[in-house]
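Trainee: Residue numbers (the working numbering): 254 to 504. Just so it is clear, CB atoms sit at the ideal spot from N, CA and C, and this is done for glycine as well. Predicted, not measured: the structure shown is a model, and the values here were computed from it.
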């Protein structure tokens, strides 16, 4: 198989033999004949500055950081920031992070973590020692997001409906139990840092909830945990169940 020459990221391959060097009309703009390589640069410039591009990027960003259903007013403001700053991503993101919608109660924990985000956040919150190797990769794949495994260039879905299903939720729970039980090759956790030497059920659960979720858990979730855990259960089971709670599944 012929290997294409290495090129810096952000550039494109120009094949003069396959290029139409005549006059062209692109998005209502006339591109004169004889432009050669510069035709590609002009088309990229037209695309980058087209209002639809600003709207598309703004929608993707707001969906990722705020809500699965991006508020139209916020999308319009973010698109305007993108256009005004000539595509400066820092200025574009500032329009999101300084918005009322970003800090609204409706947006708080409105987003469900994708499997990769769930795995990383669980490992971090438990202070695990990990090599980030195949043992972790396999669990992320089991939860539905094989690394670099999406077949088309638009990437994995960023909405809850793609991840919240019976099979996916079960694997998320299994992952939490495996992680807390030190059953993921290449990853080790020391759970005594979370709840110390407490063995009393309510105290163990409350200390673990404080460490993992800063205590921000619904009464219903806490009561469910109390029913699921016996006095003789090890802390690994408690932590595994907490990692599977609805609260931890959200960003």
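For the segment 330 to 375, list the alpha helix (DSSP H) runs that are entirely contained and at least 4 residues long, ordered along the chain.
Mentor: Segments of the alpha helix (DSSP H) lying fully in the segment 330 to 375: 342 to 350.
Trainee: Answer yes if the segment 483 to 492 comes into contact with the segment 430 to 448, meaning at least three C-beta pairs across the two stretches below 8 angstroms, and no otherwise.
Mentor: Output reads yes: the segment 483 to 492 touches the segment 430 to 448.
Trainee: Where does residue 444 sit, in a helix, a strand or coil, going by DSSP?
Mentor: Residue 444: coil per DSSP, three-state reduction.
Trainee: Whose C-beta lies closer than 8 angstroms to the C-beta of residue 313 among residues of the same chain, with five residues either side of it excluded?
Mentor: Once the five neighbours on either side are set aside, the close Cβ partners of residue 313 are 411.
Trainee: Quick check: what's the CA-CA separation for residue 426 versus residue 358?
Mentor: Near 27 angstroms, if we compare the C-alpha coordinates of residue 358 and residue 426.
Trainee: With DSSP collapsed to three states, give me the class of residue 272.
Mentor: In the structure shown, residue 272 sits in coil (DSSP, three-state: anything other than H, G, I, E or B).
Trainee: Please work out which residues of its chain come closer than 8 angstroms, Cβ to Cβ, to residue 503, disregarding the five sequence neighbours upstream and downstream, and give them in chain order.
Mentor: Contacts found: 362, 363, 364, 365, 366.
Trainee: For the putative contact between residue 328 and residue 311, defined by C-beta atoms under 8 angstroms, what is the C-beta separation to the nearest angstrom?
Mentor: Right, the Cβ-Cβ distance comes to about 5 angstroms (below 8 angstroms), so this counts as a contact.
Trainee: By DSSP, does residue 503 sit in helix, in strand, or in coil?
Mentor: It is a strand residue.
Trainee: Would you decide whether residue 423 is buried or exposed? Buried here means 16 or more other CB atoms lie within 10 Å of its CB.
Mentor: Burial call: exposed.
Trainee: Would you mind reading off the limits of the alpha helix (DSSP H) that contains residue 466?
Mentor: It spans 454 to 466 - the alpha helix (DSSP H) in which residue 466 sits, taken as one unbroken run.
Trainee: Verify whether the separation of the beta carbon atoms of residue 458 and residue 478 is less than 8 angstroms.
Mentor: Result yes, Cβ atoms of residue 458 and residue 478 sit closer than 8 angstroms.
Trainee: Taking buried to mean at least 16 other C-beta atoms within 10 Å of its own C-beta, is residue 382 buried or exposed?
Mentor: It is exposed - the Cβ of residue 382 has fewer than 16 other Cβ atoms within 10 Å.
Trainee: Considering only DSSP beta bridges, list what residue 383 is partnered with.
Mentor: Partner(s): 440.
Trainee: Going by the beta-carbon positions, is the gap between residue 372 and residue 342 smaller than 8 angstroms?
Mentor: No. Outside cutoff.
Trainee: For residue 284, write down the residues that DSSP places opposite it in a beta bridge.
Mentor: DSSP output for residue 284 lists 277 as bridge partner(s).
Trainee: Could you tell me whether the Cβ atoms of residue 282 and residue 297 are closer together than 8 angstroms?
Mentor: No, the pair does not count as a contact, with Cβ atoms beyond the cut-off.
Trainee: Alpha carbon to alpha carbon, what distance is there between residue 265 and residue 255?
Mentor: Confidence in residue 255 is poor, its pLDDT being 47 and thus under 50, which makes the residue's placement unreliable; the coordinate value appears in the next sentence. Cα to Cα, residue 255 sits roughly 17 angstroms from residue 265.
Trainee: Nearest-angstrom Cα distance between residue 405 and residue 274?
Mentor: Taking the straight line joining both Cα atoms gives about 30 angstroms.
Trainee: Quick one: grab the DSSP three-state call for residue 324.
Mentor: Coil at residue 324, not helix or strand.
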